[in-house]
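Shown next, in structure tokens, is the structure this report addresses.
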Amino acid sequence: MVIAPPHLTFGLIAAFALPYAGIARAEELRLPSWGQKKELKARQVFALQNVEASSTDHIADYPTEPRGLAELPPHVQHEAGKLSLYADYDDRLQGRIVVHVINATERDQSLPNQDMDPFLKLFARNDQGDWVRAQSHRYSWCGNSYFQDFQLPSGTFRSILGWIPQAGKLRSVRYQIEGNVGIMSNEGQLPIDDSEIERARFDEMAIQSGDIEFVRALLLEQPPNVEGEELARIRECAVSRLLDLPVEEMRSLLERYWEEGEPSLTEMPYLFGAFERIDPSLAVKQILAALDGANERLRYQVLRFIPFADDPRLPGSSEIWERARSLATDPAAEVPMSLYERLLPEDGGLNMLLDIAGNDRLDPTKRRMAQYAIEARRAAMTKSPIALTIQTPRIDTVEGLPRPGDLRVTITNRSEAPIEFRYRDARDFVGVYLRIESPEHDRLLLPVERNLDGKTEKKTVEVVLKSGECHSIDLRLYELFDIAPWTNAIQVNAWLSARVKLPGIYYALISEPVSIRLGRSDSKAPAGQGTPGG
């Protein structure tokens, strides 16, 4: 093994050990620069300590670039005219097994992949002697993970690293590239964790080929040993699978899950698309039924979704909008912030928001949401002469409550003329909003005054800002809101935004939000899953 200096390890592309010598030769060295690699103009040699003899030279970047078949190790077997895999169980690197993807055909190959992993998965023989996947997979949330091509020209091979479980019962194993390729490697022996086999039975990759009975079990029953975020992702994937199943099979399951399954916001686009596939009028019917029904959770999630799903071509879409607007003024209805931000049309929408904000009979939360939407709309319509920034440290929480934290609001005059204002208390012109979003809820609240304490002395402060000058106010945020009843998520994101009212500038600006983590992240993705990319 080559032991390289830490600042070189990332950049070594072809580093070879010279047995029993004190140096290693760098055939090619590339160092990262702003997320990219660049080649050095000359090869360099570095003195290393504790260099050990290695039976196999390893290239540091995996998967490797395509190399000619003549460079395959002599013991690696492959069949002429075929695309094949060879797992070298005795050759390990970084805790994984080196697997060679060999193209001995006369055609260039391009393999589907996720972040340059051609969906290489570990399979094992179970107690019944069947081959089953022993490595679960999670698809990436970001499309960039699938843009690169895994090219394998004719007469070449590339080496990749196969996952190895950390513990378990010794079983016969092989590696296999999943998908349309479907090639498998030679067999070997590895310890296999049976819980990983069980997890792979219900993961996102299994759902892609699952039939209606498999999808029904995932949506209406509790998969074993799956909970939390992993369960949410599995059910979202199962709902999306409905779009690929025959219409006559999915309708009854779709309607039952809509009523009983408590679908999340992320599932809504798939459910809505499935209803449209059956009948566009059915989609409208189901949405209206949810808005008028007794299932409060379903109504809330539909209200979060429809601002993004408005389609005037759909019959009944105007009726959906009218019903949603009526809920915005219903004292008993729980509504999301997005209803005020996105659903209300520009024509007459501002007057409606003003009516809501000034209606003493409405819940204070609704009035606050409407007030924020008013200020955001006016800020967007006004070219402000000031720039507003917020600085705050990360604020963690204990049992769902944020600890007190400092907040600095800075006002910068970006106009040519001076700006003059005075205040006795920071709350005279600075307001702080706490925005909480989670898979379950979407709310915005304004802290009551006692929770926002200006650290300035209670005396009139006169400020004159020339062009380009700044003025900062330090604030102290006390425990704001108990978020625990709203969400089962381990962590959610919150945004603190400030509004500023100055003489001659009506609601000058709402700042860019500042992300604050609320809650603790104790979860870890199972070891066998693919790593989501971005």
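Using this note's numbering, you'd call the opening residue of the sequence shown number 827 and step up by one each time.
A virtual CB, placed ideally from N, CA and C, is assigned to each residue, including glycine.
For residue 1110, no beta strand (DSSP E) run applies; the uninterrupted alpha helix (DSSP H) run containing it begins and ends at 1106 to 1118, by DSSP.
When DSSP states are grouped into helix, strand and coil, residue 1010 belongs to the strand group. Ranked by Cα distance from residue 1257, the first of 1299, 1206 and 963 is 1299. Between residue 1125 and the set 896, 1266 and 907, the nearest pair of CA atoms involves 1266. Per the Cβ contact rule, the region 1036 to 1044 is not in contact with the region 969 to 976 (fewer than 3 Cβ pairs under 8 angstroms). Three or more Cβ pairs drawn from the region 908 to 923 and the region 1002 to 1011 lie within less than 8 angstroms of each other, which places the two stretches in contact.
Shown here for residue 1293: same chain residues with a beta carbon closer than 8 angstroms to its own, the five before and five after excluded, namely 1239, 1240, 1241, 1242, 1243 and 1244 in chain order. Proximity to residue 1059 across 1145, 1090 and 1080 peaks at 1090, based on C-alpha coordinates. In the DSSP assignment, residue 1204 falls within the unbroken alpha helix (DSSP H) covering 1190 to 1207.
When the beta-carbon positions are compared, residue 981 and residue 894 come within less than 8 angstroms of each other. Of 1212, 1263, 1072 and 891, the smallest CA-CA separation from residue 1246 is found for 1212. Rounded to whole angstroms, the gap between the alpha carbons of residue 988 and residue 937 is 16 angstroms. Cβ neighbours of residue 1041 within its own chain (closer than 6 angstroms, five residues either side excluded): 1064 and 1067.
By the CB criterion at 8 angstroms, residue 961 and residue 939 fall outside the cutoff. Rounded to the nearest whole angstrom, the CA to CA distance from residue 998 to residue 1128 is 49 angstroms. DSSP, reduced to helix, strand and coil, places residue 1005 outside both helices and strands of the structure shown, so it counts as coil.
In this structure, residue 1046 lies away from residue 1099, with their beta-carbon atoms at least 8 angstroms apart.
Between residue 943 and residue 1105, the alpha-carbon positions lie close to 39 angstroms from each other.
The beta carbons of residue 990 and residue 1016 sit closer together than 8 angstroms. Taking C-beta separations shorter than 7 angstroms and ignoring five residues to either side along the sequence, the partners of residue 920 in its chain run 987, following chain order.
Looking at the DSSP output, residue 929 shares a beta bridge with 909 and 982. Assigned with DSSP and collapsed to three states, residue 891 falls in coil, not helix or strand. Boundaries around residue 936 are those of the beta strand (DSSP E), 935 to 937, since no alpha helix (DSSP H) includes it. Considering only 1070, 1029, 1250 and 1165, the residue with the shortest C-alpha distance to residue 1285 is 1250.
Secondary structure of residue 943 (DSSP, three-state): strand.
The Cβ atoms of residue 1003 and residue 945 sit closer than 8 angstroms to each other.
Nearest in C-alpha terms to residue 1163, of all of 1027, 1181 and 1131, is 1131. Judged by DSSP secondary structure, residue 959 falls within the beta strand (DSSP E) whose first and last residues are 957 to 959. For residue 1056, the enclosing alpha helix (DSSP H) begins and ends at 1054 to 1067. Taking a 10 Å sphere around the C-beta of residue 1110, we find 16 or more other C-beta atoms and assign the residue as buried. Membership of residue 1040 in the alpha helix (DSSP H) is indicated by the continuous run 1038 to 1046. Take the alpha-carbon of residue 1119 and the one of residue 1183: they are about 26 angstroms apart. Spatial neighbours of residue 1049 in its own chain (CB-CB distance under 6 angstroms, excluding positions within 5 residues in sequence) are listed in chain order as 1028.
Per DSSP, the beta bridge partners of residue 1239 are 1212.
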